[in-house]
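> Using our numbering, the first residue of the sequence shown is number 487, and each one after it goes up by one.
Handing you a structure now.
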Amino acid sequence: MKKYTYLLVVAMLLLFAAGETHAQVGKRAYMNIGWQFNGAFHNDFVQNVQGYGAYLQNGYYLTPLLAIGSFSHFSNNEQYLEKQTYPLENGAALTSDTQRNLYQNAFGPSLRLRLWPLEVQPYIEVKMGAEYAVESTYF
């Protein structure tokens with residue numbers, strides 16, 4: 487019981503000691519974390535769109551309108567194929583259903599241009615970087 491009383495007193499003190507908070511890390515810095523919907527287009531491996539992905543981006547405003555930063559995102563697209571027969575060497579065959587998986591991880595620098603610094607702050611952003619991708623097939 488003494489432990490819970492102590493925690494309650496500490497929580498009440500922290501409530502009165504709360505300071506100013508911002509939606510972003512600081513007045514000139516920003517960080518975004520979120521979920522993303524991904525589609526792998528123009529390939530013959532996985533041909534569907536799924537929402538298995540997340541992103542992280544951060545940066546610093548050099549001027550009130552121009553920022554530089556970095557980004558990283560990953561996504562995972564899966565496709566299930568019904569039972570099929572696959573021919574193997576020496577006249578053998580394998581009959582199985584198949585799960586295809588495309589994993590992508592992109593990262594690199596970004597450049598952000600804020601259109602106007604008011605309460606609502608729309609921006610245009612350019613990201614350029616490398617991508618690591620792995621295609622896997624599970625029988």
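Every residue gets a Cβ at the ideal spot worked out from N, C-alpha and C, and that includes glycine.
Between glycine 545 and glycine 555, how many whole angstroms is the CB-CB distance? I'm expecting something under 8 Å.
Going by Cβ atoms, the distance from glycine 545 to glycine 555 rounds to 2 Å, so yes, they are a contact pair.
> Taking three-plus beta-carbon pairs below 8 Å as touching, is the stretch 580-592 in contact with the stretch 602-622?
Yes: at least three Cβ pairs fall under 8 Å.
> Among the candidates Leu580, Gly525, Arg600, whose CA atom is the shortest distance from the CA of tyrosine 624?
Of Leu580, Gly525, Arg600, the residue nearest in Cα terms is Leu580.
> Here's a check: name, in chain order, each residue in its chain whose Cβ is nearer than 6 Å to the Cβ of isoleucine 661, leaving out the five neighbours to either side.
Because the chain is modelled from 487 through 625, residue 661 falls outside the range shown and cannot be assessed.
> Taking its Cβ as the centre, do 16 or more other Cβ atoms sit within 10 Å of serine 582, making it buried, or is it exposed?
Serine 582 is exposed by the Cβ-count criterion.
> Within its chain, find whatever has a CB closer than 6 Å to the CB of asparagine 524; leave out the 5 residues flanking it on each side and keep chain order.
Counting only Cβ-Cβ distances below 6 Å, and skipping sequence neighbours, we find Gly539, Ser561.
> Judging by CA-CA distance, which residue of Asp530, Pro595, Leu574, Gln536 is the nearest neighbour of alanine 614?
Alanine is not the amino acid found at residue 614; the sequence shown has methionine there. Here the closest residue by C-alpha is Pro595.
> Short of 8 Å in beta carbon distance, which residues of its chain neighbour glutamine 570, apart from the five on each side in sequence? Order them along the chain.
So the list reads Thr581, Ser582, Asp583, Thr584, once near-sequence residues are dropped.
> Give the secondary structure of glutamate 575 by DSSP, where H, G and I count as helix, E and B as strand, and everything else as coil.
Three-state DSSP puts glutamate 575 in a helix.
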